[in-house]
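As structure tokens, the structure follows; a few thoughts come after it.
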Amino acid sequence: MNLGDRRLLPFRLDLVTQFRGLTERRGCLISGSRGWGEFGPFADYHVDADARWLASAIEQADGLWPQPVRRKVAVNAIVPAVEPAVAAGMAMASGCTTIKIKVGDPAGRDRVAAVRDAMPEAALRVDVNGGWSLARAVEELEELSSFGLEYAEQPVRSFEDMVALRALVDVPLAADELIRIDRRFDDVALAADVAVLKVAPLGGVRQTLQVAQRVGLPVVISSALDTSIGLAAAVAAACCLPERPLACGLGTGALFARDTTDPLLPVAGELGWVDYPTPDFVETGEDLDYWKRRIQAAAEVLARS
Ligand SMILES: [Mg+2]
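For the sequence shown, this note's numbering begins at 4 and goes up steadily by one.
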């Protein structure tokens with residue numbers, strides 16, 4: 004792939020609260036024939052993963068998305084590992100009726116209880132990022148099930164443990180890492196009731212639509228802590244799915260103190276399709292050469308695939 008004519012705009016943006024162990028989000032915007040795409044693989048990712056992120060950025064920048072079948076999608080609010088009272092306040096302020104709560108730390112259960120107390124009708128999801136042992140997951144989910152969970156996302160990490168857990172608890176399970184990292188598209192339905200699909204890690208909107216078909220489960224389109232340019236790609240996938248997806252995990256724009264473009268934030272719990280968002284940020288001091296090298300290496304992998 005020829006990167007010659009493309010412009011690169013690296014960014015390093017502060018987050019409002021620590022998320023996924025990060026206090027800032029780094030990445031690089033890439034220009035194309037129609038607009039811009041976002042390349043934001045995390046620092047420790049392998050070049051094969053980078054290649055999929057690059058494919059997603061190029062697809063967006065060159066305007067290669069399919070036509071949408073809807074213009075708006077429901078999203079969940081995201082509640083990070085904050086104090087229970089803060090969690091309830093964030094959930095209520097979001098305007099969303101589906102709330103995803105990070106658990107796994109000692110305050111996790113109290114956080115879920117506080118949100119449930121504040122919002123008796125809301126659909127609640129928890130995400131453990133594969134952090135529990137099978138035995139602990141059984142114990143925790145038995146307790147959490149009294150709050151009426153829509154699903155628990157990857158309480159355990161491995162495919163085998165997810166299959167075993169599913170037989171032991173009543174709470175529906177969602178697969179994220181099994182799809183994003185392990186790429187178990189063809190048998191994930193044995194291990195989960197819901198598929199969490201992230202557009203950039205899967206290689207773009209069209210790839211995501213194919214994976215959705217392959218996994219054969221209800222789908223939640225979710226963000227990879229994208230800035231609002233990357234979020235637009237995720238919204239596009241959710242708008243193109245033939246079946247309306249469950250509330251999407253795309254309320255993450257609110258986690259950014261600064262953004263790459265006009266922040267894409269839920270209005271009344273929904274996000275709408277954005278055609279070609281334009282970058283709108285000042286110099287962030289991010290290292291252009293680092294991103295050039297990474298993008299070039301990813302482009303070489305893409306060219307071979
Ligand atoms: Mg997850």
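Backbone N, C-alpha and C define an ideal beta-carbon position, used for all residues, glycine too.
How close, in whole Å, do the beta carbons of Leu-310 and Asp-196 come, if the pair is a contact with beta carbons under 8 Å?
Absent from the structure is residue 310, since the part of the chain shown begins at 4 and ends at 308.
Taking only heavy atoms of ligand 1 into account, decide whether any of them is closer than 7 Å to the Cβ of Val-199.
If you number the sequence shown from 1, residue 199 lands on position 196. Val-199: yes, Cβ under 7 Å from ligand 1.
Gly-40 to Ser-34, Cα distance in whole Å?
As a working note, residue 40 is residue 37 in the sequence shown. As a working note, residue 34 is residue 31 in the sequence shown. Spanning the two alpha carbons is a distance of roughly 6 Å.
Let me check you understand the geometry: is the CB of Asp-130 closer than 7 Å to at least one non-hydrogen atom of ligand 1?
Position 127 of the sequence shown, counted from the first residue, corresponds to residue 130. For ligand 1, at least one heavy atom lies less than 7 Å from the Cβ of Asp-130.
Beta-carbon contacts of Gly-43 that lie in its chain and below 8 Å, excluding the five residues immediately before and after
Within the sequence shown, numbered from 1, the residue matching residue 43 stands at position 40. So the list reads Arg-28, Arg-29, Gly-30, Cys-31, Trp-56, Ala-203, Ala-227, Leu-228, Asp-229, Thr-230 and Gly-233, once near-sequence residues are dropped.
Does the beta-carbon of Val-238 have 16 or more other beta-carbons within 10 angstroms, so that it is buried, or is it exposed?
As a position in the sequence shown, residue 238 is number 235, starting the count at 1. Val-238 should be labelled buried.
Contact under 8 Å by Cβ, Gly-275 with Lys-75:
For the purposes of this step, residue 275 is taken as residue 272 along the sequence shown, with counting starting at 1. For the purposes of this step, residue 75 is taken as residue 72 along the sequence shown, with counting starting at 1. Cβ distance < 8 Å, so Gly-275 and Lys-75 count as in contact.
Buried or exposed: which applies to Tyr-154, given that a residue is buried once 16 or more other Cβ atoms fall within 10 Å of its Cβ?
Residue mapping note: residue 154 aligns to position 151 of the sequence shown, counting from 1. Looking at its Cβ environment, which holds 16 or more other Cβ atoms inside 10 Å, Tyr-154 is buried.
Starting from Cys-99, follow the beta strand (DSSP E) in both directions and report where the run begins and ends.
For the purposes of this step, residue 99 is identified with residue 96 of the sequence shown, where counting begins at 1. No beta strand (DSSP E) holds Cys-99; DSSP gives it neither H nor E.
Could you give the distance in angstroms between the alpha-carbon of Val-85 and the alpha-carbon of Thr-255?
Here residue 85 is taken as the residue at index 82 of the sequence shown, counted from 1. Here residue 255 is taken as the residue at index 252 of the sequence shown, counted from 1. Cα to Cα, Val-85 sits roughly 15 Å from Thr-255.
Are there 16 or more other CB atoms within 10 angstroms of the CB of Gly-7, so buried, or fewer, so exposed?
Working through the sequence shown from its first residue, we reach residue 7 at position 4. Gly-7 should be labelled exposed.
Would the C-beta of Glu-156 count as close to ligand 1, meaning under 7 Å from any of its heavy atoms?
Locating residue 156 in the sequence shown gives position 153, counting from the first residue. Within the cutoff, so yes.
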